[in-house]
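Notes follow once the structure below has been shown.
Numbering (our numbering), first residue to last: 241 to 660.
Shown next, in the form of structure tokens:
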């Protein structure tokens with residue numbers, strides 16, 4: 241369909257009533273007889289078309305207008321009258337046509353249907369109308385060449401009806417999508433607010449507003465935009481997505497369901513971010529906080545970029561690194577004797593050996609294999625460690641504290657050997 245017809249360009253009469261058209265050459269009085277007979281048949285023809293539509297589309301609901309008649313019947317009658325007037329007088333395209341058929345397009349959105357059935361109805365109406373117009377044309381001796389032009393104009397008229405319905409449909413879809421996004425953001429805000437009482441009743445109402453099934457558990461993800469103009473991840477309708485903030489947020493229902501993690505990772509490919517633990521829906525803010533903590537560590541370079549991280553796979557870093565001040569204080573007290581007794585390079589080697597021993601509780605051979613050194617070297621170092629800490633190495637609490645501070649140092653890269 242040419243763009244100018246769809247957008248309200250040149251009138252569809254240009255070719256059919258122009259100076260060289262066969263329709264224009266038909267005597268004026270004959271065209272008038274054609275118009276008069278057609279207008280007489282319009283009420284009957286409109287009823288016939290509506291009956292055919294009811295047969296072809298039995299599930300359609302016909303809404304009555306102010307007069308009590310179905311709006312569809314009024315529209316069919318009015319469209320026929322406008323077409324006859326247009327073809328008879330050569331007037332501009334009727335102004336009432338676009339608004340009428342835009343409303344039909346909007347109605348399809350309201351009814352939850354596509355435009356397929358509406359376009360089928362239009363084609364059926366034009367086909368039936370043309371049969372009656374052809375009969376009337378024969379009765380008043382309209383030449384076949386002129387009737388061919390009239391048929392072409394009828395189908396151009398169909399193009400106009402469809403184009404206006406498409407416009408109304410698109411406008412309604414955009415409004416519907418915008419309203420759903422607004423309500424979805426309200427739901428996300430409510431989900432991610434700390435609740436002193438169980439808000440499940442309110443959540444259920446908000447979820448119903450956007451057609452979202454309220455799950456038992458959710459996980460919340462926080463994303464870092466790869467670019468300002470980045471297209472929103474195609475996460476599907478089940479996942480609530482809020483793109484309004486600087487860091488987009490996702491609420492993932494039933495995060496442990498089979499295939500959910502794989503689908504989510506595909507949807508956010510190219511994005512960096514983190515997804516918090518699975519929690520009861522009323523505790524979604526807890527999952528959000530862990531995701532925000534992880535994202536903050538990604539920004540600091542403490543966790544890797546380029547993919548969606550699961551907080552459950554980085555528990556050690558999430559627990560130890562944010563407690564940096566406390567860990568440093570504990571390290572000063574528990575590692576003081578090491579820092580005072582040997583130089584930096586040897587202190588590193590002893591700390592590395594101590595951590596390997598604490599993590600494995602194995603003998604010299606096992607620790608040596610972990611460190612890639614000779615077992616005799618490990619025995620020598622373990623002897624030094626025993627001299628430094630003595631009975632503390634047999635105290636479970638002291639061992640735990642030593643392992644805690646050494647793991648934190650490793651996470652921060654502080655166990656990298658100093659230059660010789």
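Quick reminder that beta carbons are idealized off the backbone N, C-alpha and C, glycines included.
Note that the structure is a prediction, hence the values are computed from the model and not measured.
The secondary-structure analysis by DSSP pairs residue 550 across a beta bridge with 515. Unbroken alpha helix (DSSP H) stretches of 4 residues or longer found wholly inside the region 484 to 529: 500 to 507, given in chain order. Excluding residues up to 5 positions away in sequence, 459, 527, 530, 551, 552 lie with their Cβ nearer than 7 Å to the Cβ of residue 517 in the same chain. The DSSP assignment places no complete beta strand (DSSP E) segment of no fewer than 3 residues inside the region 283 to 345. Taking C-beta separations shorter than 7 Å and ignoring five residues to either side along the sequence, the partners of residue 581 in its chain run 628, following chain order.
With a cut-off of 8 Å on Cβ pairs, the region 373 to 392 is in contact with the region 260 to 276, counting three or more such pairs. In the structure shown, residue 459 adopts extended strand secondary structure according to DSSP, grouped into three states. The alpha-carbon of residue 606 is positioned some 17 Å away from that of residue 625. A straight-line Cα-Cα distance of about 33 Å links residue 536 and residue 449.
Under DSSP, residue 482 forms a beta bridge with 489. Nearest Cα to residue 326 within the set 279, 356, 297, 451: 279. Taking one beta carbon from each stretch, the region 388 to 396 and the region 306 to 314 have fewer than 3 pairs nearer than 8 Å; the two do not touch. Cα atoms of residue 599 and residue 533: separation of roughly 26 Å, rounded to the nearest angstrom. Pairing residue 558 with residue 513, the inter-Cα distance amounts to about 14 Å.
Beta bridge pairing from DSSP links residue 464 with 512. Per DSSP, the continuous alpha helix (DSSP H) segment holding residue 615 begins and ends at 615 to 629. Looking only at 272, 644, 321, 303, the smallest Cα-Cα distance to residue 560 is reached by 644. In the three-state DSSP reduction, residue 593 falls in the helix class (H, G or I). For residue 574, the closest C-alpha among the options 269, 441, 291, 638 is that of 638.
Here the alpha carbon of residue 488 sits roughly 13 Å from the alpha carbon of residue 432.
About 6 Å separates the beta carbon of residue 343 from that of residue 408, a gap short enough to meet the 8 Å contact definition. Distance from the CA atom of residue 427 to the CA atom of residue 585, rounded to whole angstroms, is 56 Å. Of the candidates 400, 401, 371, 371 places its Cα closest to the Cα of residue 387. About 15 Å separates the Cβ atoms of residue 368 and residue 390, ruling out a contact at the 8 Å cut-off. Each residue's CA atom was taken as its position, placing residue 465 and residue 522 some 27 Å apart.
Residue 287 counts as exposed, since fewer than 16 other beta carbons sit within 10 angstroms of its beta carbon. The beta carbon of residue 595 sits closer than 6 Å to the beta carbons of 646 from its chain, once the five residues preceding and following it are set aside; these are given in chain order.
In terms of Cβ geometry, residue 364 and residue 296 form a close pair [threshold 8 Å].
With respect to the 8 Å criterion, residue 503 and residue 490 are not classified as neighbours on the basis of their beta carbons. Taken atom to atom, the span from the alpha-carbon of residue 302 to that of residue 321 is near 21 Å. Separation of residue 515 and residue 545 (C-alpha to C-alpha, rounded to the nearest whole angstrom) is 13 Å.
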